[in-house]
Amino acid sequence: MPELIDPTGGEPADEPKIVVDSDWKAEAQKEKERLAQAEAQAQESGERPGGRGLPPADFRALVGSLATQAIMYLGGIPDPDGRAIVAPEYARHYIDLLGVLEEKTKGNLTDEESKELTGVLHELRTRFVEIVQGVAAAVAEEEAKKTARGDAPGQAPPA
Numbered sequence: 087m088p089e090l091i092d093p094t095g096g097e098p099a100d101e102p103k104i105v106v107d108s109d110w111k112a113e114a115q116k117e118k119e120r121l122a123q124a125e126a127q128a129q130e131s132g133e134r135p136g137g138r139g140l141p142p143a144d145f146r147a148l149v150g151s152l153a154t155q156a157i158m159y160l161g162g163i164p165d166p167d168g169r170a171i172v173a174p175e176y177a178r179h180y181i182d183l184l185g186v187l188e189e190k191t192k193g194n195l196t197d198e199e200s201k202e203l204t205g206v207l208h209e210l211r212t213r214f215v216e217i218v219q220g221v222a223a224a225v226a227e228e229e230a231k232k233t234a235r236g237d238a239p240g241q242a243p244p245a
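The numbering of the sequence shown is our numbering, which starts it at 87 and goes up by one.
In structure tokens form, the structure reads like this:
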């Protein structure tokens with residue numbers, strides 16, 4: 087077993103002694119000051135600390151996040167393969183969440199926030215109706231073509 091040395095006298099010690107390196111405290115303080123200065127500079131320039139470029143976590147970002155999901159499911163944002171995703175049930179869910187947000191925050195929003203939320207909801211609801219009507223028309227047209235060919239409705243054409 088290695089011999090324990092008393093750091094103050096170099097003699098073997100019965101119990102280990104704790105030596106505190108006070109230099110780390112000074113280094114930690116310098117790092118803290120450096121980070122505070124970097125954060126202050128970032129705030130002055132309008133940048134987020136760390137350069138991540140994330141938007142602030144505020145009401146506008148929440149509305150934008152929910153609206154983006156609704157737009158995606160209305161076919162407004164293509165998937166990685168370039169195909170539009172049309173899933174009205176999911177789009178309705180996100181639009182309804184925005185409606186709940188509007189209802190629950192009524193009277194607690196600034197005029198700007200209220201107008202923005204109302205406008206986003208109006209645009210999404212209008213787009214939702216257009217998409218659902220377009221899908222219904224396309225399905226009806228396809229069924230009419232099948233009927234004209236003599237296929238039974240709902241069946242795949244013969245191969």
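All C-beta atoms in this analysis are idealised placements derived from N, C-alpha and C, irrespective of residue type, glycine included.
Own chain, CB closer than 6 Å to Leu184, minus 5 neighbours either side, in chain order
Leu152 and Leu207
Tell whether a beta-carbon distance below 8 Å holds between Arg146 and Glu202.
yes
Residues in the same chain with beta-carbon distance under 6 Å from Ala173, minus the five sequence neighbours each way, listed in chain order, please.
Tyr159
Tell me which residue opens and which closes the alpha helix (DSSP H) that Pro174 is part of.
Pro174 to Thr191
What's the C-alpha gap between Ala143 and Arg169?
30 Å
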